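*Asks:* Got a structure here, written out as structure tokens. Questions coming.
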Amino acid sequence: MSPGAPPLAVPAAPTRRLPCRREEPRGTLWKEGRLPLYVLGIGAHPDDNEGSIGGTAALFRRRGDVVRFVSVTDGSKGHFAPEYIADPHALAVRRQAEAEAAASLIGAEYESLGIPDGEVYVTPAATEAMVRLIRSFGPPGRGPDLVLLNRPCDYHRDHRYTAQLVLDATYMLTVPPMCPDARHLDRMPVFAYWQDQFTEGGAFRADVVVPIDSVIETKMSMICCHESQFFEWLPFNRGELGTFPRDPAERRRVVSARWKSYAAAYRERFAPLLAGTPAESSQFVEAFQISEYGRRPSPGELPTLFPV
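Residue numbers (the numbering used here): 1 to 308.
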């Protein structure tokens, strides 16, 4: 499908949504008297949120906030097996189950817009679907407090266009005639990009660094729920499938070691921001850059907005 193709037919309703276990007891990070935040993580694929914000999401849930992971696509092209090439829907079903299992580990919600994998484009239909999706999360008129996403400079086309869809939706969230069937927001959410290593289009700027040592194993468990990706597709795509372990425990060890190294590398990269703080001795972090296109929180608000 080329960028000049007709607009994509986006499903009128999202795929099955996994409810958040909101009845869970409030955790130790809960601040008495504070309303729970509504935190929306929007990725292009069913496994994008866990690797990028899984630790922070677990901390949000621990303190009693409401978290929803969104996949814009159905993930139906992320495999090499002949049976999935012949039947992409079977892969989409498997990846839906993996995403739901990962979200359930922290009591988060999960939903998908169901756009075919590899076919995310900025069209009127997709933009309107994104506006409705963001508006629908949180109290009517209030919406989410925080929306997390990747930056629009990224190696994967689906990632780039997913970010652009979110950014194109930002201002329109508050415009009543835009998608009048979905209540417009009375205020703008805060939008923040999760960390990356890309420099084309400008390097990532860390405005917030979240230590995730206390939930690093939870993040690893969430990542390993996506067996089709981290145990099968990505080793194949990297040319490592022939040497990748077959033992389930060894597979988890290898994948966990890789992702822990990423989180540790970010900790070294952003070490100056942790100096002199209680998080200075942390090993693993996730970092975020506040977008200019949403509400701009004050520096003093960031420690209450993020679980730091």
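Glycine included, C-beta positions come from ideal geometry on N, C-alpha and C. Since the structure is predicted, the reported quantities are computational estimates derived from the model, not experimental observations.
Could you compute how far the alpha carbon of residue 244 sits from the alpha carbon of residue 143?
*Replies:* Each residue's Cα considered, the two are about 43 Å apart.
*Asks:* If you drop the 5 nearest sequence neighbours on each side, which residues of the same chain put their C-beta closer than 6 Å to that of residue 77?
*Replies:* Only 117 and 118 meet the Cβ criterion.
*Asks:* Counting C-beta neighbours from all protein chains within 10 Å, is the total for residue 89 16 or more, i.e. buried, or is it exposed?
*Replies:* Residue 89 comes out exposed.
*Asks:* Determine the DSSP secondary structure at residue 114, reduced to helix, strand or coil.
*Replies:* It is a strand residue.
*Asks:* Take residue 169 as the anchor and find which of 260, 190 and 278 has the nearest alpha-carbon.
*Replies:* The shortest Cα separation from residue 169 among 260, 190 and 278 belongs to 190.
*Asks:* Once DSSP output is grouped into helix, strand and coil, what is the label at residue 76?
*Replies:* DSSP places residue 76 in coil when its eight states are reduced to three.
*Asks:* With a cut-off of 8 Å, do at least 3 Cβ pairs link the region 221-229 to the region 94-112?
*Replies:* As far as the Cβ criterion goes, the region 221-229 touches the region 94-112, which means the pair count is three or higher.
*Asks:* Should residue 68 be labelled buried (16 or more other beta-carbon atoms within 10 Å of its own) or exposed?
*Replies:* Result: buried.
*Asks:* Can you name the start and end residues of the alpha helix (DSSP H) that residue 90 belongs to?
*Replies:* Segment 88-104, the alpha helix (DSSP H) holding residue 90.
*Asks:* What's the gap between the Cα of residue 269 and the Cα of residue 280?
*Replies:* Cα-Cα distance, rounded: 13 Å.
*Asks:* Pick helix, strand or coil for residue 195, following the three-state DSSP scheme.
*Replies:* Three-state result, residue 195: coil.
*Asks:* What number of angstroms, rounded off, separates the C-alpha of residue 63 from the C-alpha of residue 122?
*Replies:* Each residue's alpha carbon lies about 36 Å from the other.
*Asks:* Taking contact to mean 3 or more Cβ pairs, one atom from each stretch, closer than 8 Å, check whether the region 145-159 and the region 191-207 are in contact.
*Replies:* Short answer: they touch.
*Asks:* I need the DSSP call for residue 306, collapsed to helix, strand or coil.
*Replies:* Three-state DSSP puts residue 306 in coil, outside helix and strand.
*Asks:* According to DSSP, is residue 38 helix, strand or coil?
*Replies:* Residue 38 falls in the strand class under three-state DSSP.
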